[in-house]
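Chemist: First to last, the protein sequences are chains A and B. So for the first sequence, the numbering used here puts the first residue at 1; every next one is plus one. So for the second sequence, the numbering used here puts the first residue at 343; every next one is plus one. Sharing a structure here in structure tokens format.
Number of protein chains: 2
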Amino acid sequence: MVSIKDVAKVAGVSDKTVSRVANKESNVHPETVEKVNEAIRKLGYVPNMTARMMRSSRSTTFGIITDYVSTTPYSGDIVRGIQDWANENKKTVLMANTNGEPERESETWRTFQEHRIQGVLFVTMYHRIIDPMPNAVQIPTVLVNSHPSKKRKYRSIEPDDYRGSTDLAKYVIQLGHRKIGYIRLNPALLGAELRIDAFRKVVRDCGLSQADLTVKLGMEGPIGNETNWVHQEATEMLSGANRPTALVCGNDEMALQAYLAALRLGLRIPEDLTIAGFDDFRLISLGLKPQLTTVALPYYDLGYKGAELLNRVLRGETPEEKHENLPCPLVIRGSSSTASPS
Amino acid sequence: MVSIKDVAKVAGVSDKTVSRVANKESNVHPETVEKVNEAIRKLGYVPNMTARMMRSSRSTTFGIITDYVSTTPYSGDIVRGIQDWANENKKTVLMANTNGEPERESETWRTFQEHRIQGVLFVTMYHRIIDPMPNAVQIPTVLVNSHPSKKRKYRSIEPDDYRGSTDLAKYVIQLGHRKIGYIRLNPALLGAELRIDAFRKVVRDCGLSQADLTVKLGMEGPIGNETNWVHQEATEMLSGANRPTALVCGNDEMALQAYLAALRLGLRIPEDLTIAGFDDFRLISLGLKPQLTTVALPYYDLGYKGAELLNRVLRGETPEEKHENLPCPLVIRGSSSTASPS
DNA sequence: TTGTAGGCGTTATCAT
DNA sequence: ATGATAACGCCTACAA
């Protein structure tokens with residue numbers, strides 16, 4: 001490989017001068033700069049980050065640890081967000097996936113240490129409580145899309161499920177719906193509780209009785225292999241004479257099930273029934289016809305702002321144990337409309 | 343940071359000996375190994391890859407370039423496949439995403455050169471023909487999920503759309519269906535042609551007349567912002583007296599549209615109508631009820647075997663311009679059944 | 001404005 | 001089986 005010395009020889013200057021030019025330092029004679037740059041071009045010299053990093057012991061690499069398995073497709077947007085931030089700020093990104101296996105997680109921490117990484121973004125595919133690496137590792141870390149367990153101190157950046165669900169509830173009630181069905185998310189997810197709590201609170205605050213809100217459990221069991229009651233529950237809920245005029249689902253996958261159930265019962269959406277979901281999984285939310293009203297998960301922003309947060313942490317600008325909450329915007333589409341006067 | 347010299351001092355040996363132990367070289371006295379390892383443990387020494395790489399100029403890092411935008415969620419599985427292979431083979435993975443922007447692509451090549459990466463996996467989110475980086479870069483590269491344009495020589499690994507579609511066509515015909523509808527993929531996708539060509543050939547080979555196969559275009563326009571005719575076309579196709587008993591769609595997104603259209607027409611699936619898709623986007627294929635028969639895209643394997651192929655290339659074990667095709671397995675689920683005797 | 005000396009942490013080479 | 005010395009490519013510190 002062509003090194004700084006080769007360039008120096010061709011340009012007829014010292015290697016240090018080449019270094020200066022390569023780093024765009026001031027105090028180099030313009031003519032010299034020109035000369036050196038020409039040599040660089042001629043030889044196709046590309047600086048060696050490895051050497052640069054070693055000498056200055058200043059890394060510009062972030063590590064990403066994910067726990068993806070084949071579920072939760074759009075959570076990959078978190079990584080895109082991180083990469084965009086990294087690209088804009090001249091950082092490089094080293095990535096590893098644990099498949100959720102603790103052994104691979106600790107291997108990864110080790111590898112990242114070996115590479116003298118600046119900091120780590122620990123990305124989970126769904127919103128939950130975690131406790132990364134029991135064995136002490138001292139690389140600065142930010143949790144993305146998860147909340148740290150009490151034991152350790154980590155900064156985190158998370159979606160504001162509670163607020164998003166509040167907005168959705170208010171919207172549905174403002175549409176005039178007074179009989180509302182709600183099919184709950186798997187309780188194993190942190191979002192499940194936040195979303196139903198928020199929804200219940202709004203219902204109460206708006207003066208509706210709890211009887212106007214019918215809540216059913218849609219899924220349960222281990223993530224990725226849950227039992228799914230949604231179609232059945234929705235069918236039952238929508239078959240009664242006193243059926244709800246709006247059916248809210250814990251997420252878009254469940255909304256799809258409810259949607260199918262409604263169509264099979266001959267209900268028109270949104271004229272006869274308003275359906276809404278959560279997550280904005282576009283394969284579903286944009287795939288349905290009419291498209292699905294839903295609360296979007298800010299995956300991309302979680303990544304982008306997570307990287308930003310990590311950067312602030314590295315510069316000592318952020319206190320320990322700081323948690324950021326990112327808004328989950330309500331996306332209104334065709335599956336919801338005002339309650340028809342019945 | 344604690345270095346090899348610190349360990350040497352504590353263990354009372356030379357730094358080279360520590361190096362030997364760290365690299366598990368033979369010809370070190372067992373007692374010495376023990377002594378050194380204890381010092382390593384005591385000091386928490388972690389080797390510095392940066393320095394190691396510099397000295398031996400042997401990199402163990404693969405670069406991944408993706409062109410993801412927010413569409414095509416499951417293509418992230420390609421990356422998972424790569425990461426799994428990398429993990430199993432002690433490679434590290436540097437990642438960058440171009441968002442499809444050429445400027446970012448060339449920045450990325452540059453960055454990878456700076457990091458003295460071993461090789462690059464160029465991953466596209468959908469199956470298409472590409473021509474990476476017009477400006478010559480000499481890092482060994484394997485294209486994953488795309489086919490090189492004629493101009494340059496690249497190895498590639500791609501899904502066998504043709505074969506997958508052939509299997510699906512045979513299956514549908516074996517079920518006894520004689521009137522078949524087919525809604526085509528956006529012609530901008532490489533898979534579109536492969537899939538319809540294969541389908542047509544099987545129909546011909548099985549002695550059906552072309553009149554028994556009704557082909558409609560389902561989507562067109564720029565990827566990510568296409569015009570969608572599927573629901574409309576499906577409704578039309580299924581409304582006629584002489585309607586098809588099986589409706590095959592270019593992918594699962596389109597199958598969802600067809601599914602909804604069928605339900606709205608009061609058709610039962612699969613009793614009245616067999617529906618099949620392509621891609622196995624599980625949010626849809628497992629979300630529908632009954633679940634969708636489809637041809638799976640081997641995303642994970644593309645990544646895993648792509649990494650494997652790159653590794654072989656790096657070891658000089660693979661000739662130039664070699665293309666691998668990976669099978670797209672037919673996944674039979676509830677949305678398909680034998681044609682009812684009408 | 002430019003150059004020299006030295007060292008970052010590791011491994012290659014050659015001795016012992 | 002172990003060690004001494006040099007070198008990888010770059011940058012820091014200092015000098016000219």
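Ideal Cβ positions, reconstructed from N, Cα and C, are used throughout, including at glycine.
With C-beta atoms as the reference, is Arg-520/B less than 9 Å away from Asp-554/B?
Modeler: Yes, they are a contact pair.
Chemist: With DSSP collapsed to three states, give me the class of His-231/A.
Modeler: DSSP places His-231/A in helix when its eight states are reduced to three.
Chemist: Among Ile-78/A, Lys-153/A and Asp-6/A, which residue has its Cα nearest to the Cα of Gly-44/A?
Modeler: When each option's Cα is compared against that of Gly-44/A, the closest is Asp-6/A.
Chemist: If you follow the beta strand (DSSP E) that Arg-155/A is in, where does it begin and where does it stop?
Modeler: Where Arg-155/A is concerned, the enclosing beta strand (DSSP E) stretches over 155-159.
Chemist: Would you call the segment 126-146 of chain A and the segment 157-169 of chain A in contact, with 3 or more CB pairs under 8 Å?
Modeler: Enough Cβ pairs lie closer than 8 Å, so yes.
Chemist: Tell me the DSSP secondary structure of Asn-145/A in three-state form.
Modeler: Asn-145/A falls in the strand class under three-state DSSP.
Chemist: Measure the C-alpha to C-alpha separation of Ile-173/A and Thr-72/A and round it to an integer number of angstroms.
Modeler: The alpha-carbon atoms of Ile-173/A and Thr-72/A are separated by roughly 30 Å.
Chemist: Which residues, in chain order, does the segment 45-68 of chain A contribute to contact with chain B at a C-beta distance below 7 Å?
Modeler: Residues Val-46, Pro-47, Asn-48, Met-49, Thr-50, Ala-51, Met-53, Met-54 and Tyr-68.
Chemist: What's the C-alpha gap between Leu-175/A and Ser-340/A?
Modeler: If I take the Cα positions, the gap works out to 9 Å.
Chemist: Helix or strand or just coil, what does DSSP make of Asn-667/B?
Modeler: Three-state DSSP puts Asn-667/B in a strand.
Chemist: Taking a Cβ distance cut-off of 8 Å, strictly less, list which residues of the segment 558-577 of chain B are near chain A, in chain order.
Modeler: The residues in question are His-573.
Chemist: Tell me which same chain residues have a C-beta within less than 7 Å of the C-beta of Gln-83/A, skipping the five on either side of it?
Modeler: Closer than 7 Å at Cβ, skipping near neighbours: Val-93.
Chemist: Could you check if Thr-338/A is buried or exposed, using at least 16 other CB atoms within 10 Å of its CB as the buried criterion?
Modeler: That one is exposed.
Chemist: Which residues mark the beginning and the end of the alpha helix (DSSP H) in which Ile-40/A is found?
Modeler: Looking at the DSSP string, the run of the alpha helix (DSSP H) that includes Ile-40/A is 30-43.
Chemist: Pull the bridge partners of Met-561/B from the DSSP assignment, please.
Modeler: According to DSSP, Met-561/B bridges with Asn-570/B.
Chemist: Nearest chain A C-beta to Phe-623/B closer than 9 Å, yes or no?
Modeler: Cβ-Cβ to chain A under 9 Å: yes for Phe-623/B.
Chemist: Closer than 7 Å by beta-carbon distance: list the chain B residues that pair up with Arg-345/A, in chain order.
Modeler: Within the shown structure, residues of chain A are numbered from 1 to 342, placing residue 345/A beyond reach of any answer.
Chemist: Taking three-plus beta-carbon pairs below 8 Å as touching, is the segment 222-233 of chain A in contact with the segment 191-206 of chain A?
Modeler: Verdict: no, contact absent.
Chemist: Counting only the same chain and skipping the five closest in sequence on each side, list residues whose C-beta sits under 7 Å from that of Thr-508/B.
Modeler: The residues are Ala-540 and Val-544.
Chemist: Excluding five sequence neighbours on each side, which residues of the same chain lie with their C-beta closer than 6 Å to the C-beta of Thr-635/B?
Modeler: Ala-618, Ile-674, Arg-675, Ser-677 and Ser-678.
Chemist: Quick check on Glu-666/B - is its C-beta less than 9 Å from some C-beta in chain A?
Modeler: Not closer than 9 Å to any Cβ of chain A, the Cβ of Glu-666/B fails to qualify, so no.
Chemist: For the beta strand (DSSP E) containing Tyr-126/A, name the first residue and the last one.
Modeler: Per DSSP, Tyr-126/A belongs to the beta strand (DSSP E) from 119-130.
Chemist: From Leu-343/A to Leu-302/A, what does the alpha carbon distance come to, in whole angstroms?
Modeler: Nothing in the structure corresponds to residue 343/A, since chain A is present only between 1 and 342.
Chemist: Could you tell me which chain B residues have their CB closer than 8 Å to the CB of Glu-114/A, listed as they occur along the chain?
Modeler: Going along chain B in sequence order, the residues near Glu-114/A (Cβ under 8 Å) are Val-388, Pro-389, Asn-390 and Met-391.
Chemist: Per DSSP, which one or two residues make a beta bridge with Leu-589/B?
Modeler: According to DSSP, which records beta bridges pairwise, Leu-589/B is partnered with Gly-523/B and Ile-617/B.
Chemist: Per DSSP, Leu-555/B is paired with what?
Modeler: Its beta-bridge partners are Ile-522/B.
Chemist: Determine, using beta carbons only, whether Leu-330/A and Ala-296/A come nearer to each other than 9 Å.
Modeler: Contact: yes.
Chemist: Measure the C-alpha to C-alpha separation of Lys-90/A and Asn-311/A and round it to an integer number of angstroms.
Modeler: Their backbone Cα atoms lie some 12 Å apart in a straight line.
Chemist: Shortest alpha-carbon distance to Ile-183/A belongs to which of Phe-112/A, Ile-139/A and Gln-257/A?
Modeler: Of Phe-112/A, Ile-139/A and Gln-257/A, the residue nearest in Cα terms is Gln-257/A.
Chemist: Run the proximity test for Thr-72/A: is its beta-carbon closer than 8 Å to any non-hydrogen atom belonging to the ligand ATP?
Modeler: Because no ligand of any kind appears in the structure shown, any question about the ligand ATP cannot be addressed here.
Chemist: Counting only C-beta atoms, is Gly-287/A closer than 9 Å to chain B at any point?
Modeler: So yes, Gly-287/A belongs to the interface.
Chemist: Pairs of beta-carbons, one from the segment 397-414 of chain B and one from the segment 436-449 of chain B, closer than 8 Å: are there three or more?
Modeler: The answer is yes - the segment 436-449 of chain B touches the segment 397-414 of chain B, with three or more Cβ pairs under 8 Å.
Chemist: Between which two residues does the beta strand (DSSP E) containing Leu-436/B stretch?
Modeler: 434-439 is the span of the beta strand (DSSP E), which, as asked, contains Leu-436/B.
Chemist: Taking a Cβ distance cut-off of 9 Å, strictly less, list which residues of the segment 650-664 of chain B are near chain A, in chain order.
Modeler: Within the segment 650-664 of chain B, no residue has a Cβ that lies closer than 9 Å to any Cβ of chain A.
Chemist: Please classify Met-480/B: is it buried, with 16 or more other beta-carbons within 10 angstroms of its beta-carbon, or exposed?
Modeler: What sits at residue 480/B in the sequence shown is Gln, not Met. Classification for Gln-480/B: exposed.
Chemist: Can you look up Ile-139/A in the DSSP assignment and give me helix, strand or coil?
Modeler: Reduced to three states, the DSSP call for Ile-139/A is coil.
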